[in-house]
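There are 4 protein chains.
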Amino acid sequence: MKAQKTKRKLQIRVMGSAADLKYTKILERQAEELGYWVAKKGAILIFGAEKDYDSLSTAACRGAKKANGLTVGITYDKGLNIYKKNADVIIATCLVRGGGRELTLGLSCDALICISGGSGTLNEIVVAYQANIPVVVLEGSGGWSDKLAGVYLDARKRVKIEVAKTPKEAVEMAIRLAEKKPQIFCYRN
Amino acid sequence: MKAQKTKRKLQIRVMGSAADLKYTKILERQAEELGYWVAKKGAILIFGAEKDYDSLSTAACRGAKKANGLTVGITYDKGLNIYKKNADVIIATCLVRGGGRELTLGLSCDALICISGGSGTLNEIVVAYQANIPVVVLEGSGGWSDKLAGVYLDARKRVKIEVAKTPKEAVEMAIRLAEKKPQIFCYRN
Amino acid sequence: MKAQKTKRKLQIRVMGSAADLKYTKILERQAEELGYWVAKKGAILIFGAEKDYDSLSTAACRGAKKANGLTVGITYDKGLNIYKKNADVIIATCLVRGGGRELTLGLSCDALICISGGSGTLNEIVVAYQANIPVVVLEGSGGWSDKLAGVYLDARKRVKIEVAKTPKEAVEMAIRLAEKKPQIFCYRN
Amino acid sequence: MKAQKTKRKLQIRVMGSAADLKYTKILERQAEELGYWVAKKGAILIFGAEKDYDSLSTAACRGAKKANGLTVGITYDKGLNIYKKNADVIIATCLVRGGGRELTLGLSCDALICISGGSGTLNEIVVAYQANIPVVVLEGSGGWSDKLAGVYLDARKRVKIEVAKTPKEAVEMAIRLAEKKPQIFCYRN
Chain A
46 MKAQKTKRKL
56 QIRVMGSAAD
66 LKYTKILERQ
76 AEELGYWVAK
86 KGAILIFGAE
96 KDYDSLSTAA
106 CRGAKKANGL
116 TVGITYDKGL
126 NIYKKNADVI
136 IATCLVRGGG
146 RELTLGLSCD
156 ALICISGGSG
166 TLNEIVVAYQ
176 ANIPVVVLEG
186 SGGWSDKLAG
196 VYLDARKRVK
206 IEVAKTPKEA
216 VEMAIRLAEK
226 KPQIFCYRN
Chain G
46 MKAQKTKRKL
56 QIRVMGSAAD
66 LKYTKILERQ
76 AEELGYWVAK
86 KGAILIFGAE
96 KDYDSLSTAA
106 CRGAKKANGL
116 TVGITYDKGL
126 NIYKKNADVI
136 IATCLVRGGG
146 RELTLGLSCD
156 ALICISGGSG
166 TLNEIVVAYQ
176 ANIPVVVLEG
186 SGGWSDKLAG
196 VYLDARKRVK
206 IEVAKTPKEA
216 VEMAIRLAEK
226 KPQIFCYRN
Chain P
46 MKAQKTKRKL
56 QIRVMGSAAD
66 LKYTKILERQ
76 AEELGYWVAK
86 KGAILIFGAE
96 KDYDSLSTAA
106 CRGAKKANGL
116 TVGITYDKGL
126 NIYKKNADVI
136 IATCLVRGGG
146 RELTLGLSCD
156 ALICISGGSG
166 TLNEIVVAYQ
176 ANIPVVVLEG
186 SGGWSDKLAG
196 VYLDARKRVK
206 IEVAKTPKEA
216 VEMAIRLAEK
226 KPQIFCYRN
Chain Y
46 MKAQKTKRKL
56 QIRVMGSAAD
66 LKYTKILERQ
76 AEELGYWVAK
86 KGAILIFGAE
96 KDYDSLSTAA
106 CRGAKKANGL
116 TVGITYDKGL
126 NIYKKNADVI
136 IATCLVRGGG
146 RELTLGLSCD
156 ALICISGGSG
166 TLNEIVVAYQ
176 ANIPVVVLEG
186 SGGWSDKLAG
196 VYLDARKRVK
206 IEVAKTPKEA
216 VEMAIRLAEK
226 KPQIFCYRN
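Residue numbers (my numbering), protein chains in the order written: chain A, 46 to 234; chain G, 46 to 234; chain P, 46 to 234; chain Y, 46 to 234.
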């Protein structure tokens with residue numbers, strides 16, 4: 046089927062460490078800035094909605110709302126009852142947290158932006174890589190973002206993990222990469 | 046965790062037969078009206094986004110866009126490349142069509158409205174029933190909607206399938222039922 | 046890819062009401078007989094492994110073990126910790142109970158046999174129907190088995206729900222239907 | 046619920062690169078030896094069943110069959126039609142390849158053994174880590190096995206990736222670690 050042009054807004058995922066990894070206030074502010082710029086640049090923010098605690102991803106949701114963006118929270122198991130109350134749309138994946146919900150998250154995006162991050166973030170970077178979805182990491186944010194900056198995840202060399210210096214640059218880079226993606230994954234442009 | 050009040054809009058799913066079941070123009074118009082009223086009443090339309098053909102659910106999406114509503118298309122497998130081009134948000138469930146994608150669809154809603162419908166529609170009515178999510182069917186639309194009008198799906202008597210006479214009434218009924226639902230499934234009210 | 050002949054044993058699913066539906070001792074014995082005959086006829090028993098209570102499906106597992114059959118329990122969420130202790134293999138689907146786990150159950154079989162049954166059983170009959178997998182119901186066992194005996198689930202007329210009078214006949218019928226299925230779903234025969 | 050002792054056999058997963066990563070004959074032989082020892086030690090082999098090509102995981106299946114072991118192939122999407130013809134049990138996860146099927150694979154095991162491996166292997170190591178399932182890698186096999194040998198995947202320090210020098214040692218180590226696991230994930234011992 047021939048894909049047609051559309052005015053669908055890009056869906057950008059911001060992800061990073063969860064609260065139990067005790068990230069700094071600086072990282073939290075940068076995550077909010079990422080969300081802010083996603084909204085400001087006209088894209089939809091996709092974030093991981095939790096039922097129990099905060100994360101850098103939910104911080105990005107707060108930032109997006111400051112810029113009046115549209116936010117889509119993707120959660121695990123059943124039930125639309127989530128911890129953060131500022132999602133405009135909530136999706137219950139019916140999959141477990143820790144690999145399942147993260148799959149729907151990673152593959153429902155045109156591009157991913159990653160700040161710091163533990164094993165959950167690594168999981169999503171991997172599924173995005175396998176589906177040729179662009180990933181941008183914020184330089185100096187630690188965790189898997191820094192470990193994977195500039196590399197390919199395996200010898201197949203699908204998509205290189207790109208690096209940005211600031212939240213604004215990360216969002217601009219993610220949008221640029223998403224717009225260049227083959228139509229099979231995104232029919233915009 | 047105590048659920049708080051929120052201004053989140055209700056998420057209403059309209060579902061029904063797919064194009065291979067050769068539904069009438071009348072049903073298609075009613076499906077569009079369902080989508081129109083979902084949007085008009087301030088709710089978000091959740092619909093099943095297909096990669097190959099039309100359905101009463103995608104007709105509802107067209108109706109919602111006529112009222113400038115927000116539409117969320119939930120699709121199967123990978124890839125945001127869908128057939129209908131008027132979804133505002135697309136979710137790739139990474140689950141198969143025929144029971145998988147339908148699970149995320151059914152459980153990401155505050156209420157479901159059903160018009161006619163074959164086995165796919167039946168599938169979603171069942172998962173909604175099991176999760177105590179209200180279901181309203183349009184009277185006289187045929188298929189599983191008519192077969193299940195007014196019944197409980199098993200001896201557990203979770204939620205009775207409610208019946209409405211017109212698209213507008215169906216949407217009003219769905220919203221009313223969704224607002225009465227226990228907070229575990231929807232924190233609005 | 047051309048499918049080759051194989052000696053893989055058929056995978057037969059026995060399903061039915063869960064314990065909260067308070068089925069009779071007679072039904073429980075028939076479910077055990079179904080499991081017994083699945084094993085006796087050389088097939089593998091696929092059953093729904095629960096973490097909290099018994100069901101006609103776990104009763105079938107007991108029956109299969111009496112005939113020294115191989116039993117595969119498919120459970121929901123994470124964790125191989127299940128209630129019944131006589132499964133030889135346990136699969137954690139990472140999907141929710143109530144439509145998710147039931148999907149993997151229904152589609153990991155060459156044929157399904159159904160005894161009585163509430164909404165969970167209905168769910169699996171639907172996904173099997175959509176994937177052209179044969180379904181046999183035990184006559185007179187009540188629930189969705191009796192309601193759907195001899196019908197097609199929609200106007201697509203994929204597979205008719207077949208009816209058997211005894212557990213032994215149900216297993217023989219399921220095996221016969223499975224062996225006639227197109228190779229795309231089963232490469233045996 | 047108090048878990049009881051059982052005689053259930055341990056389920057050991059062997060995973061590694063897929064054929065498109067052009068692994069050596071030496072690695073293939075080692076993968077077969079891993080499968081051989083899993084069976085020889087009385088455990089069930091869990092492997093990733095593909096519909097199109099070979100992998101180190103399917104090589105392990107061949108090895109397990111040489112020792113008359115029980116092999117369970119877990120595949121993606123619908124359909125039990127898989128490429129390798131020596132699986133005793135086939136599970137159709139109804140999830141996509143590239144994060145979905147891998148989730149069910151990783152979490153349906155008591156322990157994982159990893160040889161070389163690209164992004165798919167990394168994916169499974171991550172989900173296992175998040176669920177506290179032991180992972181053993183074969184020293185010197187390259188890929189993600191060597192990159193992650195001896196490390197924790199994040200600051201949560203759930204389970205350290207253990208290292209073995211030979212296939213036989215890897216299997217013995219995996220069994221030992223699986224038997225020490227908390228009962229919530231495995232009720233054996």
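Glycine residues also receive a C-beta, built at the ideal position from the N, C-alpha and C atoms.
Return yes when the Cβ of Leu101 (chain A) is within less than 9 Å of the Cβ of Val59 (chain A), no when it is not.
yes
In chain G, which residues lie less than 8 Å from Gln175 (chain P) when you measure between Cβ atoms?
Gly143, Gly144, Ser164, Gly165, Asn168
So if DSSP puts Leu167 (chain P) in a beta bridge, which residue, or which two residues, is it bridged to?
Note: Leu167 (chain P) sits in no beta bridge, so no partner.
Should Gly61 (chain A) go down as buried or exposed, given a rule of 16 or more other Cβ atoms within 10 Å for buried?
buried
Nearest neighbour of Ala109 (chain G), chosen from G:Ala132, G:Ala156, G:Asn126 [CA to CA]:
G:Ala132
Does Glu147 (chain G) have its Cβ less than 9 Å from a Cβ in chain P?
Interface residue, yes.
Assuming Arg74 (chain P) is part of the beta strand (DSSP E), what are its boundary residues?
From DSSP, Arg74 (chain P) is part of no beta strand (DSSP E) but of the alpha helix (DSSP H) over 70-85.
Could you spell out where the beta strand (DSSP E) holding Ile136 (chain A) opens and where it closes?
134-137
Provide the residue span of the beta strand (DSSP E) that contains Ala209 (chain Y), from first to last.
207-209
According to DSSP, is Val118 (chain Y) part of a helix, a strand, or is it coil?
Going by the sequence as given, residue 118 (chain Y) is Gly instead of Val. Residue state, collapsed to three classes: strand.
Would you verify that the beta carbon of Ile57 (chain Y) is, or is not, closer than 9 Å to some beta carbon of chain P?
no
Between Lys54 (chain G) and chain A, is there a C-beta pair that is closer than 9 Å?
True, the Cβ-Cβ gap to chain A drops below 9 Å.
The beta strand (DSSP E) enclosing Gly93 (chain G), as first and last residue numbers:
89-93
CB contact flag (Ile158 (chain G), Val172 (chain G), <9 Å):
no
Beta-carbon neighbours of Val171 (chain Y), restricted to chain A and to distances below 8 Å:
Gly144, Ser164, Leu167, Asn168, Val171
Within 10 Å of its beta-carbon, does Ala200 (chain P) have 16 or more other beta-carbons around it, so buried, or fewer, so exposed?
exposed
Within 9 Å (strictly less), CB to CB, does Asp65 (chain P) reach chain G?
Chain G places a beta carbon closer than 9 Å to that of Asp65 (chain P), counting this residue as a contact.
Hey, out of P:Ile160, P:Ile136, P:Ile170, P:Tyr121, whose CA is closest to Gly143 (chain G)'s CA?
Looking at the Cα atoms, P:Ile170 is the closest of the given residues.
Distance check for Ala194 (chain P) and Tyr174 (chain P), CA to CA, integer angstroms please.
13 Å
Could you have a look at Gly61 (chain A) and say whether DSSP puts it in helix, strand or coil?
strand
Which residue wins for smallest C-alpha separation from Tyr81 (chain G), given the options G:Cys106, G:Lys70, G:Ile91?
G:Cys106
How many angstroms separate the CA atom of Asp65 (chain Y) from the CA atom of Lys192 (chain G)?
51 Å
For Ala104 (chain Y), does the three-state DSSP call read helix, strand or coil?
helix
Give me the chain Y residues within the contact set of Asp270 (chain G), using Cβ-Cβ distance strictly less than 7 Å, ordered along the chain.
No answer is possible for residue 270 (chain G): it lies beyond the span of chain G, which begins at 46 and ends at 234.
Chain-order list of residues whose beta-carbon lies under 6 Å from that of Gln56 (chain Y) (same chain, five-residue window excluded):
Ile89, Ile91, Cys154, Asp155
Those residues which DSSP pairs with Cys159 (chain P) across a bridge:
Answer by DSSP bridge pairing, in chain order: P:Met60, P:Val182.
Counting only Cβ pairs nearer than 7 Å, list the residues of chain Y close to Ala200 (chain A).
Leu66, Gly163
Assign Ala215 (chain A) to one of two classes, buried (16 or more other C-beta atoms within 10 Å of its C-beta) or exposed (fewer than that).
buried
Going by the beta-carbon positions, is the gap between Arg146 (chain Y) and Tyr128 (chain Y) smaller than 9 Å?
no
What in chain A is Cβ-close to Asp122 (chain P), meaning under 9 Å?
Within 9 Å Cβ-Cβ: Asp122, Val141.
Below 7 Å on C-beta distance, what does Val117 (chain Y) contact in chain P?
Val134
Quick one: Cα of Gly165 (chain Y) to Cα of Tyr98 (chain A), how far?
29 Å
What is the DSSP secondary structure of Leu140 (chain P), counted as helix, strand or coil?
Reduced to three states, the DSSP call for Leu140 (chain P) is strand.
When burial is assigned at 16 or more other CB atoms within 10 Å of the CB, is Ile71 (chain A) buried or exposed?
exposed
Classify Ile127 (chain Y) as helix, strand or coil using the three-state DSSP reduction.
coil
Coil, strand or helix - Asp97 (chain A) by DSSP:
Under the three-state reduction of DSSP output, Asp97 (chain A) falls in the coil class, being neither helix nor strand.
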